[in-house]
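In case it helps, this note's numbering puts the sequence shown at residues 2 to 88.
Glycine included, C-beta positions come from ideal geometry on N, C-alpha and C.
What follows is a set of notes on a single structure, which appears directly below.
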Amino acid sequence: MIVFDAKGHEGLIPATSGDQRRFYAGVRNAILGRGSNPVTPIEALAVMAVIEAGTTSARKQAAVSLSLTDEEISQWRSVDHREQRSA
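Have a look at this one:
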């Protein structure tokens, strides 16, 4: 995946392919009380911050920072985001 920082520098982040069926099976299992939610609260918050930053960036035609506190960033970094949960 190609990413750009606030100064416009391009970088690469390896993106792994996923299986959305496993995700939705995990959501089903969480709703039925058979497993944990496949998305942690901090991951959900981070996604919302990215969406918000994207819409603000498009409106302002400028790079913007994510609206996450230092504590939230620290929590997000502490989560192993690689296939840590299975359906």
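Round the Cβ separation of residue i and residue j to the nearest angstrom and send it over; I've been treating them as touching at under 8 Å.
{"i": "Val28", "j": "Pro39", "result": "6 Å"}
{"i": "Ile43", "j": "Gln76", "result": "5 Å"}
{"i": "Gly68", "j": "Ala54", "result": "Sequence check: residue 68 is Ser here, not Gly. The Cβ separation is near 7 Å, so the contact holds."}
{"i": "Ala7", "j": "Ser66", "result": "7 Å"}
{"i": "Leu46", "j": "Glu72", "result": "Contact doesn't hold; Cβ gap of about 11 Å is too wide."}
Closer than 7 Å by C-beta to residue i: which residues in its own chain qualify, once you throw out the five before and the five after it? Chain order, please.
{"i": "Ala88", "result": "Confidence is the limiting factor: at Ala88 the pLDDT is only 42, short of 50, which leaves the residue's position unreliable and the question unanswerable from this model."}
{"i": "Glu11", "result": "Ile3, Phe5"}
Going along the chain, which residues of its own chain have a beta-carbon closer than 8 Å to the beta-carbon of residue i, five neighbours each way excluded?
{"i": "Ala64", "result": "Phe5, Asp6, Ala7, Lys8, Gly9, Ser58"}
Quick check on the DSSP output: the beta strand (DSSP E) that includes residue i runs from which residue to which?
{"i": "Val80", "result": "That residue, Val80, is in no beta strand (DSSP E); it is neither H nor E in DSSP."}
{"i": "Val4", "result": "3 to 5"}
Identify, in the order they occur along the chain, each residue of the same chain with its Cβ nearer than 6 Å to the Cβ of residue i, setting aside the five sequence neighbours on each side.
{"i": "Ala50", "result": "Leu67, Ser68, Leu69"}
- Message: Please give me, in chain order, every unbroken run of the beta strand (DSSP E) with length at least 3 that falls completely inside the region 10 to 47.
- Response: 11 to 13
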